[in-house]
Amino acid sequence: NAEFGNGVSAVNIITKSGTNQFHGDLYEYARNAVLDANSYFAKLANSARPNYQLNQFGAAVGGPIKKNKLSFFSNYEGFRLTQSSFATELVPDASLSAGNFTETGTTIYNPYSYNPSTGLRNPFPGDQIPLGPTTLCAPRPTCVDPVVLAFLQKWVLPPNGVNSTGLPAVVGNSPTTMNRDQATARIDWLRSANSLVYARYTYFNATALSKGLQPLEGVENPYSSQTAVLHWTQNISSNFLNDMMVGYSRPIWIYAANPNAPDVSAQIGLTNTVPLPGGPALAGS
């Protein structure tokens, strides 16, 4: 309908109003992993059972301020979730991290050296890429990128187990936390038998942090909103009704890197980047 503007969807929420009697509620919903079984892959890797702790709690109260004239209703709800899920992440083992590909059975070719008669690249001696200074990749002083090497040595955890196919991997539980708070206050004013006015304010604030197995992995998602409504209903005649509503909404949504990460780009020598938490996105096959 036109009242919702250009939005693609709308949700109408009706909040309670106060009455001439006081009423209230208290509630708590709790769940944990005490009776949960370990997951198949976590058990296979001899990893601890993933954690799960949920608490959802709140209170609501409403009643009269002035009988038959003013009433109020308010509520609060809190949400706390801590959970983890089993995960594996393939990483280079100690030999590969040192540039030694001998045990892989794969010939590693030097991109900076080739046979002029065949045009084919020359393999690294012993399928081992030197990490330090060398003449094999002249005129470059080294064969490896010092930025990537520093990232690998400082920020990629070594394997502590294997995946389901036996390849070296970091194995463990990846944690997630979510905290939410919401509060609503509403006041109703019965101006007359034909006129009703109410005002409502709702505040919502939440934080979510999903981490990974590696130190730099993780996404923070804080979000909040404030909404306010003033609503006036006037019965003008037996067949004529005027309904007026004024609303205000202020949502805030942030999607950011793990806030606990330092400026990794500066640490590993990557220049011309913004001094913000987190590191560069590196991918390989």
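So for the sequence shown, my numbering puts the first residue at 12; every next one is plus one.
All residues carry an ideal CB built from backbone N, CA and C; glycine is no exception.
Worksheet item: DSSP beta-bridge partners for Ile263?
Response: Ser235
Worksheet item: When the distance is taken between beta carbons, is Gly110 closer than 8 Å to Gln64?
Response: no
Worksheet entry | Residue closest to Ser106, alpha-carbon to alpha-carbon, out of Ser236, Ser28, Gln164 and Gly258 | Gln164
Practice prompt. For the alpha helix (DSSP H) containing Lys165, list its first residue and its last residue.
Written response: Pro157 to Trp166
Item to complete: With DSSP collapsed to three states, give me the class of Asp47.
Response: coil
Worksheet item: DSSP on Gly172, reduced to helix/strand/coil?
Response: strand
Practice prompt. Evaluate contact between the segment 197–211 and the segment 93–106, counting only Cβ atoms and requiring at least three cross-stretch pairs below 8 Å.
Written response: no
Worksheet item: Of all Cβ atoms in chain B, is any one closer than 8 Å to the Cβ of Val181?
Response: Looking at the structure shown, chain B is missing, and only one protein chain is on hand.
Worksheet item: Are Phe33 and Gly69 closer than 8 Å when you measure CB to CB?
Response: no
Worksheet item: Cα-Cα, which of Thr187, Thr188 and Pro169 is closest to Ala180?
Response: Pro169
Fill in: Host beta strand (DSSP E) of Val182 (start-end)
Pro179 to Ser203
Discussion item. Could you check whether Gly29 and Phe162 sit closer than 8 Å to each other, using their CB atoms as the reference points?
Written reply: no
Discussion item. Measuring straight from C-alpha to C-alpha, what distance separates His242 and Leu37?
Written reply: 28 Å
Practice prompt. Would you kindly work out how many angstroms separate the C-alpha atoms of Ile76 and Ala196, rounded to a whole number?
Written response: 13 Å
Item to complete: Give the range of the alpha helix (DSSP H) segment to which Val275 is assigned.
Response: Val275 to Gln278
Discussion item. Could you check whether the segment 228–243 touches the segment 253–272, counting it as contact only if at least three pairs of C-beta atoms, one from each stretch, sit closer than 8 Å?
Written reply: yes
Worksheet entry | Span of the beta strand (DSSP E), counted from its first residue to its last, around Ser96 | Leu81 to Leu101
Fill in: Span separating the alpha-carbon of Ser236 from that of Arg132
59 Å
Item to complete: Assign Asp146 to one of two classes, buried (16 or more other C-beta atoms within 10 Å of its C-beta) or exposed (fewer than that).
Response: In the sequence under discussion, the amino acid at residue 146 is Thr, which differs from the Asp named in the question. Result: exposed.
Item to complete: Please report the residue range of the beta strand (DSSP E) in which Ala210 lies.
Response: Ser206 to Lys222
Fill in: Beta bridge counterpart(s) of Asn253 as assigned by DSSP
Gln245
Worksheet entry | Limits of the unbroken alpha helix (DSSP H) element including Ser108 | Ala105 to Ser108
Worksheet item: What is the DSSP secondary structure of Ala41, counted as helix, strand or coil?
Response: strand
Worksheet item: Should Pro61 go down as buried or exposed, given a rule of 16 or more other Cβ atoms within 10 Å for buried?
Response: buried
Discussion item. Applying the 10 Å Cβ sphere with the 16-neighbour rule, what's the burial state of Val182?
Written reply: buried
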